[in-house]
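Residue numbers (my numbering): 10 to 422.
As structure tokens, then:
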């Protein structure tokens, strides 16, 4: 790992330049698609932190060819993303890192087909279709998608926890659909069945109606595809009304918000399962070291890397490795940069990353169980690792998008 350096970032509008000491070198402009205002601004701030950290680590290698981050605001809409990309293109930016959200990833795939002269490297979008359905040859993603983040969870729930019948609960939009599809497909193939699927209108908090329905359904566990705060709110209501089934959570469900709630009655939530691409500080030494470095670099006392900051870090890191291999000579080596991006294999704080034929990351994924800590509180503990998880794996089947939100257990196991 490179020595930590104190960097000065020069903000001119939304321009960040690194390093400032190089005067005669020609800078390499790299567009960064993030939210700098509005609903997604906190996530955009984390994304910029991840990109900055990757640049800091690459200071020595890129000293003769400084990288300029040209930050463009996106607002999570199709119109906002198209405007941001067009602004970067108008400013002769030919390499773009982003976007932030899953929906934007779907839109970017279409834009990439229309702009083959631009290289797009993902930010934190986890939409499967970004690289799965009719992928653009100039789009690269070194982080996982939603489906990969569920790899191993369904099988673990069936084989290790002994759950045979599961109820699923999620809101009616793409991210929960993808989570429930991924869990159910693997769980059913292992031998289990989904006995009930409950769908909520986005932002609806009428959990009492759902509790009443699932209370009448014989089951062994509940799979939640809700955000951490919503998951905590639902489980609290479910427990208050007498519900006793154990919980399985999606990658964003069993987070700090859920654990904060669960610590109030820790024995109720022991054994809760979840999965995701980021381990805890106690689970993996390389991640613990990275988390400490991240907090030190950004002068943070508590909050470590999030999915947003880490995804932007990994994707920016891959781009910088490729730029180093072509010695930063982007103008005469544009085609070589694309080749280098396709062939990169490198170690990250969460394991080795490489790309498949669709230029989609092959990653490691982690399964966690909630256990007691030394202070009689609770924490997530790593119980299983799925290594080398591919996007096109045994989890997929043809025309998967036609099955999102439907009962997965009617198919062949």
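In this text, a Cβ means the ideal position worked out from N, Cα and C, and glycines have one as well. Since the structure is predicted, the reported quantities are computational estimates derived from the model, not experimental observations.
{"query": "Cβ pair residue 188, residue 234 closer than 8 Å", "result": "yes"}
{"query": "For residue 357: DSSP bridge partner residues", "result": "360"}
{"query": "Validate contact between the region 263-282 and the region 210-227 using beta carbons, cut 8 Å, 3 pairs", "result": "no"}
{"query": "Exposed unless 16 or more other CB atoms sit within 10 angstroms - verdict on residue 120", "result": "buried"}
{"query": "According to DSSP, residues forming a beta bridge with residue 106", "result": "41 and 130"}
{"query": "Rounded separation between residue 287 and residue 118 - CA only", "result": "25 Å"}
{"query": "Local Cβ density within 10 Å of residue 326, reported as buried at 16 or more and exposed below that", "result": "buried"}
{"query": "Helix, strand or coil at residue 169 [DSSP, three-state]", "result": "coil"}
{"query": "Residue 57 vs residue 80 beta-carbon contact at 8 Å", "result": "yes"}
{"query": "Where the alpha helix (DSSP H) containing residue 311 begins and where it ends", "result": "Taken as a continuous stretch (DSSP letters only), residue 311 belongs to no alpha helix (DSSP H), as it is neither H nor E."}
{"query": "Interface flag, residue 329 vs chain D, CB-CB below 8 Å", "result": "Judged by its chain identifiers, the structure shown contains no chain D, having just a single protein chain."}
{"query": "Pairwise C-alpha distance: residue 64 and residue 336", "result": "15 Å"}
{"query": "Burial state of residue 227 (16 or more Cβ within 10 Å)", "result": "exposed"}
{"query": "DSSP-derived helix/strand/coil call for residue 234", "result": "strand"}
{"query": "Contact between the region 157-164 and the region 291-300 (3+ Cβ pairs under 8 Å)", "result": "no"}
{"query": "Three-state class that DSSP yields for residue 214 in the structure shown", "result": "coil"}
{"query": "Spatially closest choice to residue 54 from 359, 240 and 307, by CA coordinates", "result": "307"}
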